[in-house]
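**Student:** If you read the sequences in order, they're chains D and W. Note that the numbering used here numbers the first sequence so that position 227 is 232, with each residue one more than the last. Note that the numbering used here numbers the second sequence so that position 83 is 91, with each residue one more than the last. Ideal placement from N, C-alpha and C gives every residue a C-beta, glycine not left out. I'd like to ask you about the structure that follows.
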Amino acid sequence: MMMANNTLIVAGKEFRDDMRNHWTLAITAIFAVLALAIAYFGAVTAGHVGFTSFDATMASLTTLAAFVIPLIALLIAHDAIVGERDSGTLPLLLSYPLSRLELAAGKFLGHSGVLAVAILAGFGTAAVAILAANPETRSLASLGSIVTFIASASLLGASFVGLACLISVLVREKARAAGFALLSWLMLVILFDLLLLAVLVISGGNAVEQAVYPYLLLLNPIDVFRLINLVGLGNNGGNGIFMAMTAAHAYHPWVLYGALAAWAGMPFAGAVLVFRRQEM
Amino acid sequence: MPNAVEFSTVTKRYGAAAVLKGLSAEMSEGQVIGLLGHNGAGKTTLIKLVLGLIAPSEGTVRALGYSPAGLEGRQLHARIGYLPENVAFYDNLTGREVLDYFARLKRVAANEADVLLNRVGLTAAAGCRVRTYSKGMRQRLGLAQALLGSPDLLLLDEPTTGLDPLATQLFFEQVGELKSQGKTVVISSHLLAELEPHLDRALILKEGRLVTQGTVSQMHRDAGLPDTITARFSGRINGLLKEGWVAELPAAPRQCEPSLVEFAVPAARKMDVMRRLMQIEALSDITVKEPSLTHLYATLGADKQAKGDDDGE
């Protein structure tokens with residue numbers, strides 16, 4: 006009980022700090038503006054503007070979120086622990102009846118919470134605007150897609166907050182943490198998929214590799230997020246290459262959500278293990 | 009008197025370098041204890057060990073009957089107050105918000121934060137962000153957070169750094185008040201002269217070793233350092249320095265001015281020298297000063313270290 010209390014006290018402070026620093030507002034605005042812009046101008050290359058295909062919009066939003074959410078998560082949480090260490094408040098905090106697990110969990114929950122609120126408010130606002138502007142898109146299926154998107158985007162955010170926490174306990178300076186955060190973003194958002202594609206092209210895509218690739222995608226939370234949101238859309242979303250890579254495999258939704266949840270939990274668990282062994 | 013803190017042959021190493029070397033010491037409850045030594049003597053390491061922020065490489069540490077590590081550490085932390093050296097807070101929060109945050113972590117009622125802000129003279133600035141605070145104000149805020157929950161053991165690391173003379177005086181008044189409430193206050197400092205009048209006991213560290221511990225007067229006796237008798241005369245006293253009893257003193261007197269002489273006298277001969285001086289008609293003033301803690305530290309530190317080195321320690 007006390008542990009939950011302490012975790013919530015730390016999480017509450019982190020949440021309020023992000024609110025006070027206008028992080029939450031800024032992220033919400035970024036999400037909303039980008040989502041509305043994509044929804045409205047997404048078909049400009051086809052010669053028209055306005056809210057049109059719901060599936061195409063969701064596919065574009067998924068691609069956008071896969072780039073932006075990890076970056077923002079790493080940005081707001083990379084200094085979770087190293088920031089306290091850098092400023093000298095960490096020894097003081099640990100002189101209180103507050104365990105390292107509670108402190109790390111509070112940071113994780115606080116930052117993940119801020120991101121989830123921003124995702125809900127930002128993308129939610131955009132979704133409401135799309136549904137309002139285009140009556141044809143109003144259906145239970147559309148609503149389901151939006152809920153799936155917001156839930157999986159929040160989990161994606163949490164997985165990168167967990168990764169940021171791990172980076173934050175592994176390094177001793179804020180600047181290094183920022184550097185490693187950007188590097189991990191580059192690796193997971195850009196290089197990982199490029200590498201998979203390169204190997205796929207070089208190998209000629211034989212049957213064994215076709216069977217292995219879908220599992221390799223589970224090793225990257227961004228690909229898991231894409232799978233959750235794009236597979237349901239089929240080719241309507243214009244995500245041909247990704248669909249081709251995963252066509253041979255039917256993922257159970259719970260496997261995908263489980264993989265994303267594991268991605269949120271494992272880096273955080275690693276961060277706690279390292280943090281508990283460290284001396285101040 | 010039970011011990012608030014016990015160190016039993018504690019060694020702390022960072023890699024090959026030993027910061028504390030086989031330290032055994034006890035700090036009794038209800039006392040003001042000075043943890044003295046120059047920079048790098050091991051004072052902060054000792055405090056971190058009590059807090060469980062680091063673990064000993066060898067030996068055991070206990071505070072208020074608890075081991076600082078693991079689950080017992082949690083119980084200990086609920087009864088401890090800590091003011092770190094160069095205390096830092098969250099610059100974007102106000103003084104009251106900082107104290108509220110720490111009060112919640114310690115399960116202390118919110119109104120206690122206001123009482124403490126008043127006690128350290130920060131009520132007027134409580135609503136201002138910490139980034140606007142001077143060094144002295146941050147230090148006072150640090151003291152207020154250390155006092156949250158009325159802890160039984162206070163660990164104050166260089167607490168008067170950055171405080172002006174008035175704030176320093178107020179700080180030591182607070183320390184006196186805590187002592188009267190039966191609290192144990194451990195103050196780490198290298199400002200020995202400032203600390204000396206407020207201490208019940210002192211531990212002197214040098215290069216990770218405990219040089220000596222005890223009450224200040226006990227340490228004076230053990231060290232056998234001379235008292236200083238300063239005598240002022242109404243006229244010149246040229247003949248005095250040639251008298252037989254003066255020549256027998258272990259150290260020659262120092263004539264600071266034509267009519268002012270300082271005698272470094274062993275405690276055992278102090279009364280004898282004073283009696284002789286009182287017989288001189290031209291004597292107009294006389295003062296006696298015990299050796300200062302600074303003097304004691306300098307002498308003991310050098311002596312014991314040399315002995316330790318000779319013993320092959």
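What's the call for Asp160 (chain W), buried or exposed, on a 16-neighbour Cβ count within 10 Å?
**Tutor:** As a working mapping, residue 160 (chain W) is identified with position 152 in the second sequence. That one is buried.
**Student:** Within 9 Å (strictly less), CB to CB, does Arg177 (chain D) reach chain W?
**Tutor:** The residue you call residue 177 (chain D) lines up with position 172 of the first sequence. No, Arg177 (chain D) lies away from the interface with chain W (no Cβ there is under 9 Å from its Cβ).
**Student:** Rounded to a whole number of angstroms, what is the C-alpha to C-alpha distance between Val106 (chain W) and Asp122 (chain W)?
**Tutor:** By one-based count along the second sequence, residue 106 (chain W) stands at place 98. By one-based count along the second sequence, residue 122 (chain W) stands at place 114. One C-alpha to the other measures close to 11 Å.
**Student:** Can you give the beta carbon distance from Leu106 (chain D) to Val277 (chain D), rounded, assuming they're within the 8 Å contact cut?
**Tutor:** Looking up residue 106 (chain D) in the first sequence gives position 101. Looking up residue 277 (chain D) in the first sequence gives position 272. Their Cβ separation, rounded to whole angstroms, is 5 Å, which keeps Leu106 (chain D) and Val277 (chain D) in contact under 8 Å.
**Student:** Using 8 Å for Cβ pairs, my map puts Gly103 (chain W) next to Ala134 (chain W). What's the rounded Cβ distance?
**Tutor:** In the second sequence, residue 103 (chain W) corresponds to position 95, counting from 1. In the second sequence, residue 134 (chain W) corresponds to position 126, counting from 1. Gly103 (chain W) to Ala134 (chain W), Cβ: 5 Å. Contact.
**Student:** List, in order along the chain, the chain D residues whose C-beta lies closer than 8 Å to that of Arg82 (chain W)?
**Tutor:** Against the second sequence, residue 82 (chain W) aligns to sequence position 74. The answer, in chain order, is Pro102, Ser104.
**Student:** Measuring alpha carbon to alpha carbon, tell me which of W:Ala132, W:Asp172, W:Pro173, W:Arg112 ends up nearest Gln153 (chain W).
**Tutor:** Stepping through the second sequence from its first residue, residue 153 (chain W) is reached at position 145. Considering only alpha carbons, the answer is W:Arg112.
**Student:** Suppose the cutoff is 8 Å on Cβ atoms and the five residues either side in sequence are ignored; what does the same chain contact list for Ile55 (chain W) look like?
**Tutor:** Mapped onto the second sequence, residue 55 (chain W) falls at position 47. Cβ within range, chain order: Leu43, Tyr90, Leu163, Asp165, Val194, Ser196.
**Student:** Of all the residues that make up the region 206 to 229 of chain W, which are near chain C by a beta-carbon distance shorter than 7 Å?
**Tutor:** Of the chains in the structure shown, none is chain C; the protein chains are D and W.
**Student:** Report all residues from its chain with a CB closer than 8 Å to the CB of Ala138 (chain D); omit the five preceding and five following residues, and keep chain order.
**Tutor:** Here the question's residue 138 (chain D) lines up with position 133 in the first sequence. Contacts found: Gly55, Phe56.
**Student:** Indicate whether at least one CB of chain W lies closer than 9 Å to the CB of Asn241 (chain D).
**Tutor:** Here residue 241 (chain D) refers to the residue found at position 236 when the first sequence is read from its first residue. Note that Asn241 (chain D) has pLDDT 47, beneath the 50 cutoff, so the model's placement of it is unreliable and no number is given.
**Student:** Helix, strand or coil: which one does DSSP assign to Gln263 (chain W)?
**Tutor:** Residue numbering aside, residue 263 (chain W) sits at position 255 when the second sequence is read from its first letter. Note: Gln263 (chain W) maps to strand in three-state DSSP.
**Student:** So, Gly222 (chain W) versus Arg209 (chain W), is the Cβ gap smaller than 9 Å?
**Tutor:** Locating residue 222 (chain W) in the second sequence gives position 214, where the first residue counts as 1. Locating residue 209 (chain W) in the second sequence gives position 201, where the first residue counts as 1. Their beta carbons are under 9 Å apart, which means Gly222 (chain W) touches Arg209 (chain W) by this criterion.
**Student:** Mapping DSSP to helix, strand and coil, what is Tyr74 (chain W)?
**Tutor:** Position 66 of the second sequence, counting from 1, holds the residue named residue 74 (chain W). Three-state DSSP puts Tyr74 (chain W) in a strand.
**Student:** Keeping to the same chain, check which residues put their C-beta closer than 8 Å to that of Gly144 (chain W); ignore five residues upstream and five downstream.
**Tutor:** Position 136 of the second sequence, counted from the start, is the residue given in the question as residue 144 (chain W). Once the five neighbours on either side are set aside, the close Cβ partners of Gly144 (chain W) are Gly170, Leu171, Asp172, Ala175.
**Student:** In the region 23 to 37 of chain D, which residues sit with their C-beta less than 9 Å from some C-beta in chain W, listed in chain order?
**Tutor:** Answer in chain order: Arg25, Asn26.
**Student:** Classify Ala180 (chain D): buried if its beta carbon has 16 or more other beta carbons within 10 angstroms, exposed otherwise.
**Tutor:** Here residue 180 (chain D) refers to the residue found at position 175 of the first sequence. Exposed: under 16 other Cβ atoms inside 10 Å.
**Student:** Express the C-alpha separation of Ser65 (chain D) and Asn241 (chain D) in angstroms, rounding to a whole number.
**Tutor:** On the first sequence, position 236 is the one that residue 241 (chain D) refers to. On the first sequence, position 60 is the one that residue 65 (chain D) refers to. Residue placement at Asn241 (chain D) cannot be trusted, given a pLDDT of 47 that sits under 50; what the coordinates show is reported in the next sentence. Each residue's Cα considered, the two are about 11 Å apart.
**Student:** In whole angstroms, give me the CA-to-CA distance for Phe185 (chain D) and Met35 (chain W).
**Tutor:** Taking the first sequence and counting its residues from 1, one reaches residue 185 (chain D) at position 180. Taking the second sequence and counting its residues from 1, one reaches residue 35 (chain W) at position 27. Those two C-alpha atoms are separated by around 45 Å.
**Student:** So, are the CB atoms of Leu199 (chain D) and Trp268 (chain D) less than 9 Å apart?
**Tutor:** Counted from its first residue, the first sequence places residue 199 (chain D) at position 194. Counted from its first residue, the first sequence places residue 268 (chain D) at position 263. Their beta carbons are not under 9 Å apart, which means Leu199 (chain D) does not touch Trp268 (chain D) by this criterion.
**Student:** I'd like to check one pair, Gly115 (chain D) with Asp23 (chain D): are the Cβ atoms closer than 9 Å?
**Tutor:** Counting from 1 along the first sequence, the entry for residue 23 (chain D) is found at position 18. Counting from 1 along the first sequence, the entry for residue 115 (chain D) is found at position 110. Yes, they are a contact pair.
**Student:** Taking the C-alpha atoms as reference points, what is the distance between Pro261 (chain W) and Arg283 (chain W)?
**Tutor:** The residue labelled residue 261 (chain W) in the question sits at position 253 within the second sequence. The residue labelled residue 283 (chain W) in the question sits at position 275 within the second sequence. Approximately 16 Å, taken between the alpha carbons.
**Student:** Can you grab the Cα-Cα spacing for the pair Asp318 (chain W) / Pro258 (chain W), in whole Å?
**Tutor:** Position 310 of the second sequence holds residue 318 (chain W). Position 250 of the second sequence holds residue 258 (chain W). Only weak support exists for where Asp318 (chain W) lies, its pLDDT of 41 falling under 50; the value from the coordinates is given anyway. Each residue's Cα considered, the two are about 26 Å apart.
**Student:** To the nearest angstrom, report how far apart Met227 (chain W) and Leu301 (chain W) are at their CA atoms.
**Tutor:** Here residue 227 (chain W) refers to the residue found at position 219 when the second sequence is read from its first residue. Here residue 301 (chain W) refers to the residue found at position 293 when the second sequence is read from its first residue. Answer to the nearest angstrom: the Cα atoms are 9 Å apart.
**Student:** Once DSSP output is grouped into helix, strand and coil, what is the label at Thr33 (chain D)?
**Tutor:** As a working note, residue 33 (chain D) is residue 28 in the first sequence. It is helical.
**Student:** So the candidates are W:Ala26, W:Val27, W:Gln39, W:Thr19; which of them puts its Cα closest to the Cα of Val183 (chain W)?
**Tutor:** Mapped onto the second sequence, residue 183 (chain W) falls at position 175. Of the candidates W:Ala26, W:Val27, W:Gln39, W:Thr19, the one whose C-alpha sits nearest the C-alpha of Val183 (chain W) is W:Gln39.
**Student:** Closer than 8 Å by C-beta to Pro258 (chain D): which residues in its own chain qualify, once you throw out the five before and the five after it? Chain order, please.
**Tutor:** Here residue 258 (chain D) is taken as the residue at index 253 of the first sequence, counted from 1. These residues qualify, in order along the chain: Ile233.
**Student:** Assuming Glu270 (chain W) is part of the beta strand (DSSP E), what are its boundary residues?
**Tutor:** Here the question's residue 270 (chain W) lines up with position 262 in the second sequence. Glu270 (chain W) -> beta strand (DSSP E) spans 268 to 273.
**Student:** For Lys191 (chain W), does the three-state DSSP call read helix, strand or coil?
**Tutor:** Position 183 of the second sequence, counting from 1, holds the residue named residue 191 (chain W). Three-state result, Lys191 (chain W): coil.
**Student:** Please report the residue range of the alpha helix (DSSP H) in which Ile172 (chain D) lies.
**Tutor:** If you number the first sequence from 1, residue 172 (chain D) lands on position 167. 145 to 175 is the span of the alpha helix (DSSP H), which, as asked, contains Ile172 (chain D).
**Student:** Let me see if you follow: with CB-CB separation under 9 Å, is Leu113 (chain W) close to chain D or not?
**Tutor:** The residue you call residue 113 (chain W) lines up with position 105 of the second sequence. Yes, its Cβ sits closer than 9 Å to a Cβ of chain D.
**Student:** Hey, could you find the ends of the alpha helix (DSSP H) Asn100 (chain W) is sitting in?
**Tutor:** Position 92 of the second sequence, counted from the first residue, corresponds to residue 100 (chain W). Run containing Asn100 (chain W): none; DSSP gives neither H nor E here.
**Student:** Which of helix, strand or coil does DSSP assign to Asp198 (chain D)?
**Tutor:** Position 193 of the first sequence, counted from the start, is the residue given in the question as residue 198 (chain D). Correct three-state label for Asp198 (chain D): helix.
**Student:** Can you have a look at Asn119 (chain W) and say buried or exposed, based on whether 16 or more other CB atoms are within 10 angstroms of its CB?
**Tutor:** Numbered from 1 along the second sequence, position 111 holds the residue referred to as residue 119 (chain W). Exposed, by the Cβ-count rule.
**Student:** Step through the CB atoms of chain D and report whether any lies within less than 9 Å of the CB of Tyr305 (chain W).
**Tutor:** For this step, residue 305 (chain W) is matched to residue 297 along the second sequence. Judged by the 9 Å Cβ criterion, Tyr305 (chain W) is not in contact with chain D.
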